[in-house]
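Structure first, commentary second.
There are 2 protein chains.
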Amino acid sequence: MDKYKVRNNVRKLRFNHDEITQEQLAEKVGVTRQTIIAIEGGKYAPSLELAFKIALVFGVPLQEVFSYELEGDEK
Amino acid sequence: MDKYKVRNNVRKLRFNHDEITQEQLAEKVGVTRQTIIAIEGGKYAPSLELAFKIALVFGVPLQEVFSYELEGDEK
DNA sequence: ACATAATGTCAAGTAATTTTTACATTTTTA
DNA sequence: TAAAAATGTAAAAATTACTTGACATTATGT
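Here the protein sequences come in this chain order: A and B.
When we follow the working numbering, the leftmost residue of the first sequence carries the number 1, and every step to the right adds one.
When we follow the working numbering, the leftmost residue of the second sequence carries the number 76, and every step to the right adds one.
Have a look at this one:
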């Protein structure tokens with residue numbers, strides 16, 4: 001059950017989607033810029049609620065932003 | 076952006092899926108029974124990682140277990 | 001080259017999630 | 001109907017997510 005890790009494409013989505021900035025995304029989902037930086041950098045995984053909010057901003061299903069993959073698997 | 080709430084069908088899935096018990100689910104995903112109780116009862120939403128783990132146990136995509144809906148909307 | 005915007009880092013604090021423990025109630029089964 | 005299993009409640013401690021603030025670096029534009 002372990003060895004898995006949460007991955008995300010927030011950074012890619014920010015550029016594909018409106019070229020939105022970290023600060024703008026942070027504002028839209030109601031967190032600080034630090035939180036976005038930490039998530040993009042994989043420092044920690046967001047709460048489920050925040051994950052849903054981010055997906056909403058980009059207008060895509062949650063699993064298109066976040067995925068749960070085996071540790072070593074490079075995309 | 077707000078007025079939304081995280082909903083889940085963990086309880087239903089436990090019965091549809093193998094009639095698994097709270098304790099067994101807790102064990103499988105590596106948390107305590109209390110955590111499962113709290114999530115089922117909507118006391119709080121799980122971390123993204125735990126949400127993924129639960130979905131994995133039931134063999135369904137995350138959005139089939141958890142959803143992000145407008146506060147009042149009864150399914 | 002300079003100014004400004006965007007991104008990154010670090011650290012200490014607050015808030016939310018999860019654990020631990022202990023016991024009470026309901027459901028299942030022998 | 002009594003024992004055992006499953007579920008529920010509550011509260012304090014621990015861990016993790018998130019905030020705040022202050023400053024450093026990298027990119028963008030004029």
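Glycine included, every Cβ here is placed at the ideal spot set by N, Cα and C.
### Message
Quick check on DSSP: helix, strand or coil for E144 (chain B)?
### Response
E144 (chain B) falls in the strand class under three-state DSSP.
### Query
How long is the line joining the alpha carbons of G41 (chain A) and L62 (chain A), rounded to whole angstroms?
Going from the Cα of G41 (chain A) to the Cα of L62 (chain A) covers about 18 Å.
### Query
Can a CB atom of chain B be found closer than 9 Å to the CB of F58 (chain A)?
No, F58 (chain A) lies away from the interface with chain B (no Cβ there is under 9 Å from its Cβ).
### Message
Taking the straight line between their C-alpha atoms, what separation do you get for P9 (chain A) and I111 (chain B)?
### Response
The residue asked about is misnamed: residue 9 (chain A) is Asn in this sequence, not Pro. Taking the straight line joining both Cα atoms gives about 29 Å.
### Query
Where does the unbroken beta strand (DSSP E) through N84 (chain B) begin, and where does it stop?
First-last for N84 (chain B): undefined, no H or E at that position.
### Task
Please name the residues in the segment 47-71 of chain A whose beta-carbon is closer than 9 Å to at least one beta-carbon of chain B, in chain order.
Listed in chain order, the positions of the segment 47-71 of chain A with a beta carbon within less than 9 Å of a beta carbon of chain B are S47, L48, E49, L50, A51, F52, K53, A55, L56, V57, P61, L62, Q63, F66, S67, Y68.
### Task
Taking only beta-carbon positions, decide if V81 (chain B) is within less than 9 Å of chain A.
Closer than 9 Å to some Cβ of chain A, the Cβ of V81 (chain B) qualifies, so yes.
### Message
Taking its Cβ as the centre, do 16 or more other Cβ atoms sit within 10 Å of K128 (chain B), making it buried, or is it exposed?
### Response
Note on K128 (chain B): 16 or more other CB atoms within 10 angstroms of its CB, so buried under the neighbour-count rule.
### Query
Rounded to a whole number of angstroms, what is the C-alpha to C-alpha distance between L50 (chain A) and R89 (chain B)?
Put simply, the backbone Cα of L50 (chain A) is about 25 Å away from that of R89 (chain B).
### Query
Would you report the Cα separation of L100 (chain B) and A113 (chain B), rounded to the nearest angstrom?
For L100 (chain B) and A113 (chain B), the distance between alpha carbons rounds to 13 Å.
### Query
So which residues on chain A does A120 (chain B) lean against when the C-beta distance must stay under 8 Å?
Going along chain A in sequence order, the residues near A120 (chain B) (Cβ under 8 Å) are S47, L48, E49.
### Query
Using the rule of at least 16 other Cβ atoms within 10 Å of the residue's Cβ for burial, across every protein chain shown, is L123 (chain B) buried or exposed?
It counts as buried.
### Query
Is the beta carbon of L56 (chain A) less than 9 Å from the beta carbon of K3 (chain A)?
Not a contact, by the Cβ cut-off of 9 Å.
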